[in-house]
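Trainee: Let me begin by handing over the structure; questions about it come next.
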Amino acid sequence: MRGSGRPTMNDVAAAAGVSLKTVSRVINAEPNVDPALADRVREAIDRLGYHRNALAASLRSGTNDTIGFLAADLSNSFSMGIAAAVSAVASQRGLHVLMASSEEDPAVERRLALDLCQRRVGGLILVPAATDHGYLAPEVAHGTPVVFLDRPGDGIPADTVLLDNRGGARAAVAELLGGHERIGLLLDATEIYTMRERLAGAEEAFAAAGRALDPSLLVTGIHTPQDAAAATARLLDGPRPPTALFCGNNRATVGALEELTRRDADVAVTGFDDFELSWMLPRPLRVVAYDVAALGALAATTLLDRIAGDAAAPPALHLVPTTLVDRGGRQRTPTG
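FYI, in the UniProt record's numbering the residues of the sequence shown are 1 to 336.
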């Protein structure tokens, strides 16, 4: 193979000992190709790691092709909002999106990411569940760009689009500390980057106020609203229940509100992530909000710009800001 770049059809033809036309016919699944020649071409393709960069050609020609979006949990409204924004940007460029969900399982992520690459997507937007993405190094080396979204990846050069998780959580908890002594925290697993950052932001707020987070009021590993409702019940039944809760994502917020509503408990709630119909709640709620559509659109635009010819620029980190907003039936003035 000439040089060390992405293998070409000419390289495949030379390795298989056939003409360029034969390689093209095999790649395009044309009929009447001698089976022995077709086998030699396919073996050369596998050995060289040849990938036809059909998407780059499609961006230049205006024809349709695909990119991949691999979420960590497509059942979450956050992921669905991202998916809609990615699809909208792709559609504007005349492209399709193949979507899959790793369900927060690194092994599933690896299998699905490689499967998408084998389907010759022109690029991949990935919400990481794994901590090492070296398995994608051959794909990146052969010209398939990757954009990490919501969480950073490792092991390959890639653009990254993140929320200001730490800053948003810090502002939210600082506000609660202005009016509450006992604040409970409900977070998903802290192995997840976003949860670690949100916990770190909460701890920074406590430190800035000259106070310490009570470990008995910190509950982690909350993945579903049911988990959050059960954790809220345990905290409220404790000897010194919290008067406020900071929820690390919208699933935790929904579960906490279900239990508080069931008990008619007067506990302030601030949650990270907005969610559908939050403004219709009969009780006040503060949320750490951000523009989900802008987040997804930025990831998609970054990927498509890479595919269209911006491959030489160094990877960039894009940080999307958050803001605290009121939701629920009554408005209240922020404290602190």
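No residue lacks a Cβ here, since even glycine has one placed at the ideal position from N, Cα and C.
#1: Should the segment 124-133 be regarded as contacting the segment 91-108, the criterion being three or more beta carbon pairs within less than 8 Å?
#2: Quick check: the Cα distance between G81 and R40, rounded to an integer number of angstroms?
#3: I need the straight-line Cα distance from Y290 to H318, nearest angstrom please.
#4: When the Cα atoms are used, what is the spatial distance from G143 to A90?
#5: Flag this pair as yes or no: are the beta carbons of P152 and P315 separated by less than 8 Å?
#6: Using the rule of at least 16 other Cβ atoms within 10 Å of the residue's Cβ for burial, across every protein chain shown, is D264 buried or exposed?
#7: Might you give, ordered along the chain, the residues of its own chain that have their beta carbon closer than 7 Å to the beta carbon of L176, omitting 5 neighbours on each side?
#8: Report the start-end ranges of each beta strand (DSSP E) in the segment 270-323 that is 3 residues or longer and not cut off at the edges.
#9: Count the other C-beta atoms from every protein chain shown that fall within 10 angstroms of the C-beta of P282, then say buried if there are 16 or more, exposed otherwise.
#10: How long is the line joining the alpha carbons of G296 and V86, rounded to whole angstroms?
#11: Jot down the residue ranges of each uninterrupted alpha helix (DSSP H) in the segment 102-181, minimum 4 residues, whole runs only, in chain order.
#12: How should G168 be labelled, buried or exposed, when 16 other C-beta atoms within 10 angstroms of its C-beta is the threshold for buried?
#13: Let me know the secondary structure DSSP gives V12 once reduced to three states.
#14: Check the Cβ-Cβ distances between P284 and every residue of chain B, and say whether any is below 8 Å.
#15: From what residue to what residue does the alpha helix (DSSP H) around I27 run?
#16: Note down, one range per segment and in chain order, each alpha helix (DSSP H) of at least 4 residues found wholly within the segment 181-215.
#17: Suppose you measure from the CA of A71 to the CA of A313; what does that come to, to the nearest Å?
#18: On the DSSP bridge assignment, give the partners of D326 in chain order.
#19: Give me the DSSP bridge partner(s) of residue 337.
#20: Out of A208, L186 and R262, which has the shortest C-alpha to C-alpha gap to D227?
#21: Assuming the contact rule is C-beta atoms closer than 8 Å, G255 and F272 should be a hit. Round their C-beta distance to whole Å, please.
#22: Assuming the contact rule is C-beta atoms closer than 8 Å, S77 and E258 should be a hit. Round their C-beta distance to whole Å, please.
#23: Let's see if you can read the secondary structure: which residues bound the beta strand (DSSP E) around L245?
#24: Determine the burial state of M280: buried for a count of at least 16 other Cβ atoms within 10 Å of its Cβ, exposed for fewer.
#25: Using a threshold of 8 Å, state whether the C-beta atoms of V123 and R306 are closer than that.
#26: With 16 as the cutoff for other CB atoms within 10 Å, does R47 come out buried or exposed?
#27: Cα separation between I45 and A137?
#28: Determine the direct distance from the alpha carbon of S79 to that of L217, and round the result to whole angstroms.
#29: E98 to V161, Cα distance in whole Å?
#30: So the candidates are E139, G134, L112 and E197; which of them puts its Cα closest to the Cα of G49?
#31: Less than 8 Å between the C-beta atoms of A293 and V147, yes or no?
#32: Helix, strand or coil for V219 per DSSP?
Mentor: Reading off the structure:
#1: yes
#2: 45 Å
#3: 14 Å
#4: The straight-line gap separating the alpha-carbon atoms of G143 and A90 is approximately 19 Å.
#5: no
#6: exposed
#7: The answer, listed in chain order, is I183, A244, F246, A268 and T270.
#8: 285-289 and 317-320
#9: Note on P282: under 16 other CB atoms within 10 angstroms of its CB, so exposed under the neighbour-count rule.
#10: Using only the alpha carbons, I get a separation of about 5 Å.
#11: 106-118, 137-141 and 165-177
#12: buried
#13: helix
#14: Within the model displayed, chain B is absent; a lone protein chain is all it includes.
#15: L20 to I27
#16: Within the segment 181-215, the complete alpha helix (DSSP H) segments of 4 residues or longer fall at 193-208, listed in chain order.
#17: 26 Å
#18: R286
#19: No information on residue 337 is available, as it lies outside the stretch 1 to 336 that the chain covers here.
#20: L186
#21: The Cβ separation is near 14 Å, so there is no contact.
#22: Contact flag wrong, Cβ pair sits at about 16 Å.
#23: A244 to C247
#24: exposed
#25: The amino acid at residue 123 is misidentified as Val; the sequence shows Gly. Cβ atoms of G123 and R306: closer than 8 Å.
#26: Of the other Cβ atoms in all chains shown, fewer than 16 fall within 10 Å of the Cβ of R47; this residue is therefore exposed.
#27: Rounded to whole angstroms, I45 to A137 spans 18 Å at the Cα level.
#28: 28 Å
#29: According to the sequence as given, residue 98 is Leu; it is not Glu. Going from the Cα of L98 to the Cα of V161 covers about 19 Å.
#30: E139
#31: no
#32: strand
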